[in-house]
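Chains as they are written, first to last, in our numbering: chain A, 431 to 544; chain B, 283 to 392. Note that the Cβ used here is the ideal one computed from N, Cα and C, for glycine as well.
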Amino acid sequence: NAGVTQTPKFRILKIGQSMTLQCAQDMNHNYMYWYRQDPGMGLKLIYYSVGAGITDKGEVPNGYNVSRSTTEDFPLRLELAAPSQTSVYFCASSYSVSNTGELFFGEGSRLTVL
Amino acid sequence: AQSVTQPDIHITVSEGASLELRCNYSYGATPYLFWYVQSPGQGLQLLLKYFSGDTLVQGIKGFEAEFKRSQSSFNLRKPSVHWSDAAEYFCAYTGNQFYFGTGTSLTVIP
């Protein structure tokens, strides 16, 4: 049982480049989330999805896009990378917000934009 | 505005000493409350959660937390800290979404 799988684990981008962070979960969870973690700032929600075909913005969505074509996958797209997007990104999933409520996290993707 | 506050950025304790990490929340109704732990280079792992009922909840690795409505707090405790407990600890709550505190970094001195 893999849980939540993120790829890549590390990536260096040049300013203006684009990339996609992949996230997959095998727990049949409805809810999926993307967070970014910066030192001393905790986790900030970028985007979330309550099911296939449904996505919504979180606290810090600017510069990112997401899609949810299947229950399992929730990729995060950076279109024009900027130094401010240097961060550690975590994908998470849960059965629901109000049921068990537990978030299951991937191991993170460390992105550096130079 | 809804929020969760962890007043202590960093705490250092000696191995075998007791530990208390503070968490305060600001939310209109009684929220669902959580404590997560993050080891270096890892994702977050759930330690314990409070939904309703008994205000003292037990979690994994010997941790417990007490919900105090009057103080809007959900402090994490452990009677005797082990060196392997060194990590980052996050308090979180759910209203319509998960909201995380800024974290408390724990250092354990041998």
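Buried or exposed: where does residue i fall if 16 or more other Cβ atoms within 10 Å of its Cβ makes it buried?
i: B/R351; result: exposed
i: B/W317; result: buried
i: A/A432; result: exposed
i: B/K360; result: buried
i: A/L506; result: buried
i: A/S446; result: It should be noted that the sequence gives Gly, not Ser, for residue 446 of chain A. With fewer than 16 other Cβ atoms within 10 Å, it is exposed.
i: A/M462; result: buried
i: B/L315; result: buried
i: A/H459; result: buried
If we call anything under 7 angstroms between Cβ atoms a contact, is residue i one with residue j?
i: A/A512; j: A/R498; result: no
i: B/Y332; j: B/F349; result: yes
i: B/P289; j: B/R304; result: yes
i: B/P313; j: B/G377; result: yes
i: B/V286; j: B/Y375; result: yes
i: B/I293; j: B/L358; result: no
i: A/L605; j: A/G488; result: Residue coverage of chain A in this structure runs from 431 to 544, which leaves residue 605 of chain A outside it and unanswerable.
i: B/G341; j: A/F535; result: no
i: B/L329; j: B/F345; result: yes
i: A/T531; j: A/V518; result: Contrary to the premise, residue 531 of chain A reads as Gly rather than Thr in this sequence. Not in contact: A/G531 and A/V518 (Cβ atoms no closer than 7 angstroms).
i: A/M449; j: A/L508; result: yes
Where does the unbroken beta strand (DSSP E) through residue i begin, and where does it stop?
i: A/T437; result: 434-437
i: B/H292; result: 292-296
i: A/M449; result: 449-455
i: B/V363; result: Taken as a continuous stretch (DSSP letters only), B/V363 belongs to no beta strand (DSSP E), as it is neither H nor E.
i: B/I391; result: 386-391
i: A/I442; result: 440-443
i: B/Q288; result: That residue, B/Q288, is in no beta strand (DSSP E); it is neither H nor E in DSSP.
i: A/Q467; result: 461-468
i: B/R300; result: Before going on, a small fix: residue 300 of chain B reads as Ser here, not Arg. Careful: B/S300 lies outside any beta strand (DSSP E) and carries neither H nor E.
Length at least 3, wholly inside the segment 472-535 of chain A: the beta strand (DSSP E) runs in chain order: 472-481, 484-487, 494-496, 506-508, 517-524
In chain order, each beta strand (DSSP E) run of at least 3 residues that lies wholly inside the segment 309-354 of chain B: 314-320, 326-332, 338-340, 346-350
Chain-ordered residues of the segment 313-342 of chain B with a beta carbon less than 9 angstroms from chain A: Y314, F316, Y318, Q320, G323, Q324, G325, L326, Q327, L328, K331, F333
Residues in the segment 458-485 of chain A having any Cβ partner in chain B nearer than 9 angstroms: Y463, Y465, Q467, G470, M471, G472, L473, K474, L475, Y478
Where the segment 370-381 of chain B meets chain A: residues whose CB sits under 9 angstroms from a CB there: F372, A374, T376, G377, N378, Q379, F380, Y381
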